[in-house]
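Data block below; observations after.
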Amino acid sequence: AEPYYNPHVAALPKYNAGLNLAAAKAVSGLDQIARLASNENPHGCSPAVSRVLSDGSVEFWRYSDPNCELLRATLAARLEVDANEIVIGNGSEEMIAAASRAFLTEGASALTVAPCFGLHEIEPLAVGASVVKVPMTADFDFDVPAIAAALSSGPNIFFLPSPWNPVGAALDHAGLARVIEATPKTSLFVLDEAYHEFVSDAIPDGLAMLKKAQRPYIVLRTFSKAFGLAGLRVGYAVCSSIKIAKMLSAAKTPFNVNAVAQAAAVAALGDEAWMREAVSRIRVERDRVAAALGAMGLRVARSEGNFLFFDSGRDSAELAIDLLRAGVVVKPWLEPSYRTFVRASIGTAAENDQLLAALSAIL
Ligand code: PMP
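To convert, count from 1 in the sequence shown and add 803; that's the working numbering.
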């Protein structure tokens, strides 16, 4: 390391962003690649979004609105919150980075779960905080008593993903109530609901529960998953107070969300019916793929998201290479404790069939 390196950044674990399309084509020699590594929406996005992108109405030669006024107002009405409590990010990942910059200093502490969403660990580490992770239970669920015990030490930030990427579990009403109650008011509760739109009726709306809790929080949501805008990069934070929103805003770059992305997100919200239809198709496929993996003798975690996490019984990095040869890109878990686990997004029926066929040929 050079003397001018930030030692925290120099020591960061690498974010595993999955394999790219060119590599998959080269290795497989196939044109049809099933891209199941990044939990995208295989059905694309609403035609209302495509229209806004092609009708010439976005003045992209101007700087974008740094405050995302229209998008915040649209979200505020829909979520029944004050627009000044919402901050829009260049993806919700930018809000994870901004929260870490705004609320953690060197030597501070963050708490999350294991296996974790990479950025819930990387962003706290980048600002010199330490990260404690509470492992999942043997039956692939949140260990609520262990989380509650870890919270009693008063971490500065608690990053809780529900539905949980990569596992798939989501906290039910009792579980989330217990976790909220166990989080000291001196800790910032960051509930990451990137997969919120996919959950079943049994899973509560975390924002609605936190609104009643009289405590500091940030709820993160995104247009990348159910709304199908992953490549445009739009996500948002709903904060418990204007003060917290101002801190987050101060920690982001000024023109963080581009003009095309802002217009697309507003258009996507104007066609919720498209999103609901895509979500219900994905859920049907998810349950079909989960059953098929189970029938192959694999242990699959119950999922409330658009992905499945399963124990392949062998080295996941090697399995991922074998799958790549069959034109299927998945995300292998590389940490020693989860080294046999793979996360596969739910794709189109054809893509899912490609995954299942490849797995049954390999395993
Ligand atoms: N949080 C979770 C739990 C995620 O799985 C993801 C995407 N993989 C993100 C945040 C970031 O998504 P985006 O930046 O596209 O909004």
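For each residue, glycine too, the CB sits at the ideal point set by N, CA and C.
Lys1134 is bridged by DSSP to Arg1146. Within the stretch 933-998, the runs of alpha helix (DSSP H) that reach at least 4 residues and sit entirely inside it are, in chain order, 947-954 and 976-985.
Annotated three-state conformation of Arg1036 is coil, per DSSP. Closest by C-alpha distance to Asn1155, out of Thr1143, Ala1129 and Pro1139, is Ala1129.
Of the heavy atoms belonging to the ligand PMP, at least one sits nearer than 8 angstroms to the Cβ of Val1037. Relative to the non-hydrogen atoms of the ligand PMP, the Cβ of Thr1025 comes within a distance shorter than 8 angstroms of at least one. When Ala1123, Ile1124, Ala1104 and Phe1110 are compared, the shortest CA-CA separation from Ala941 is found for Ala1104. In the DSSP assignment, Ser912 forms a beta bridge with Ser933. Exposure of Arg854 is indicated by the presence of fewer than 16 other C-beta atoms within 10 angstroms of its C-beta. Counting every other CB atom within 10 Å of its CB across the protein chains shown gives Ala973 a total of 16 or more, marking it as buried.
Uninterrupted alpha helix (DSSP H) stretches at least 4 residues long and entirely within the stretch 1048-1103 occur at 1062-1072 and 1075-1098, given in chain order.
In this structure, DSSP gives Gly859 a state outside helix and strand, which the three-state scheme calls coil. The three-state reading of DSSP puts Phe906 in helix, counting H, G and I together. When C-alpha distances from Val1131 are compared across Ala814, Leu839 and Asp1090, the shortest belongs to Leu839.
Within a 10 Å sphere around the beta-carbon of Gln835 sit fewer than 16 other beta-carbons, which makes this residue exposed.
In the three-state scheme derived from DSSP, where H, G and I count as helix and E and B as strand, Asp1114 is classed as strand. Leu873 counts as exposed, since fewer than 16 other C-beta atoms from the protein chains shown sit within 10 angstroms of its C-beta.
Distance from the Cα of Val935 is smallest, within the candidate group Phe943, Ala1093 and Ala911, for Ala911. Thr877: member of the alpha helix (DSSP H) spanning Glu872 to Leu882, first to last residue.
For a cut-off of 8 angstroms, the C-beta gap from Pro966 to Val916 is around 12 angstroms, too long to register as a contact.
In the structure shown, Leu815 adopts coil according to DSSP, grouped into three states.
Check the Cα spacing between Leu1162 and each of Ser1119, Pro918 and Phe962: the tightest is with Ser1119. Boundaries of the alpha helix (DSSP H) harbouring Gly1009: Gly1009 to Lys1014, taken from the DSSP string.
In this structure, Ser841 sits near Ser1148, with a CB-CB distance shorter than 9 angstroms. The continuous beta strand (DSSP E) containing Leu1023 extends over residues Tyr1020 to Thr1025. A contact is defined here as three or more CB-CB pairs under 8 angstroms, and the stretch 992-1012 meets this definition with respect to the stretch 954-969. Look at Gly892 here: in three-state DSSP terms it is strand. The three-state reading of DSSP puts Val1041 in strand, counting E and B together.
Taking the Cβ of Leu922 as the reference point, at least one heavy atom of the ligand PMP falls within a distance shorter than 8 angstroms.
By the C-beta density criterion, Val1087 is exposed, having fewer than 16 other C-beta atoms within 10 angstroms.
Set against 8 angstroms, the gap from the CB of Gly892 to the closest heavy atom of the ligand PMP is smaller.
Counting the other CB atoms within 10 Å of its CB gives Pro850 a total below 16, which places it among the exposed residues. With a threshold of 8 angstroms, the Cβ atom of Asn842 counts as near the ligand PMP, since some heavy atom of the ligand is closer than that. A residue is called buried when at least 16 other Cβ atoms come within 10 angstroms of its Cβ; Gln1017 does not meet this threshold and is exposed. When DSSP reads this structure, Arg854 sits in no beta bridge, so it has no partner. An exposed status is given to Trp864, since fewer than 16 other beta-carbon atoms sit within 10 Å of its beta-carbon.
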